[in-house]
Amino acid sequence: MIKVCVGGTFDILHAGHHHLLQKALDSGDHLTIGLTTDEYANEKRNRVVNSFQTRRKNLEIWLEKRNSLDNVNIVPLSEEWGPPALSSSFHIIVVTPDSQSVAIRLNQHRKELDMPELKIIVVPLVLDSDGVPVSSTKLHSSGASKNNNSEANP
């Protein structure tokens, strides 16, 4: 069984998240999503993100629409690496160019523990009509958080 991992805040699900998550789903048999805790998510932001429970529910709705919920485990992520830092059962990590350095550091950590390195799959950022990467922060500032419903964002 190929085990894949991905991590993030997934505050307002958007096309970039959809692309990242779909690539992660397509890359193996089981996916573990590290979803940042409220504390960790708000630590480095100048805005408040939606609650862990809201973000988890929106991920579950998105996954259910793709008949993938049974192959996914969503776990709280309270630090940078999460479960792949301690478990050798993972094979692949899916990241964006923005988080590729985290995956490289994770592999260095795993190597120090005599664990196999993860295959790193880098998914390109999705750009909006202006050629700027889509982001929850940008959507939040435009008021999209009021409609944070993954059903409206297939």
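By UniProt numbering, the letter at position 9 of the sequence shown is numbered 9, and the numbering carries on one by one without gaps. For glycine and all other residues, C-beta sits at the position ideal for the given N, C-alpha and C.
Helix, strand or coil for Lys44? Go by DSSP, reduced to three states. For the purposes of this step, residue 44 is taken as residue 44 along the sequence shown, with counting starting at 1. Lys44 falls in the coil class under three-state DSSP.
Please look up how many angstroms separate the CB atoms of Thr32 and Ser78, rounded, as I've assumed it's under 8 angstroms. If you number the sequence shown from 1, residue 32 lands on position 32. If you number the sequence shown from 1, residue 78 lands on position 78. Not quite, the Cβ-Cβ distance comes to about 15 angstroms (not below 8 angstroms), so this is no contact.
Assuming Ile2 is part of the beta strand (DSSP E), what are its boundary residues? Taking the sequence shown and counting its residues from 1, one reaches residue 2 at position 2. It is not in any beta strand (DSSP E) - Ile2 carries neither H nor E in the DSSP assignment.
Look at the Cβ atom of Lys23, then the Cβ atom of Val123, and state whether they are nearer than 9 angstroms. Start at 1 with the first residue of the sequence shown, and residue 23 comes out as number 23. Start at 1 with the first residue of the sequence shown, and residue 123 comes out as number 123. In contact: Lys23 and Val123 (Cβ atoms closer than 9 angstroms).
As assigned by DSSP and simplified to three states, the class of Thr9: Along the sequence shown, one-based indexing puts residue 9 at 9. Three-state result, Thr9: coil.
If I measure Cβ to Cβ from Val6 and keep anything under 6 angstroms in the same chain, skipping five residues before and after, which residues do I get? For the purposes of this step, residue 6 is identified with residue 6 of the sequence shown, where counting begins at 1. These residues qualify, in order along the chain: Ala24, Ile33, Val94.
Count the other CB atoms within 10 Å of the CB of Val72; is the residue buried (16 or more) or exposed (fewer)? The residue you call residue 72 lines up with position 72 of the sequence shown. With 16 or more other Cβ atoms inside 10 Å of its own Cβ, Val72 counts as buried.
Look up Thr32 in the DSSP assignment and give the residues it is bridged to. Indexing the sequence shown from 1 puts residue 32 at position 32. Paired residue(s): Cys5, Asn73.
Close Cβ partners of Lys119 (< 8 angstroms) along its chain, the five nearest in sequence each way excluded: The sequence position of residue 119 within the sequence shown is 119, counting from 1. The beta carbon of Lys119 sits closer than 8 angstroms to those of His91, Ile92, Ile93, all from its chain and outside the five residues before and after it, given in chain order.
Looking at the unbroken alpha helix (DSSP H) that takes in Val102, where does it start and where does it end? Within the sequence shown, residue 102 is the residue found at index 102, counting from 1. Element bounds for Val102: 100-112.
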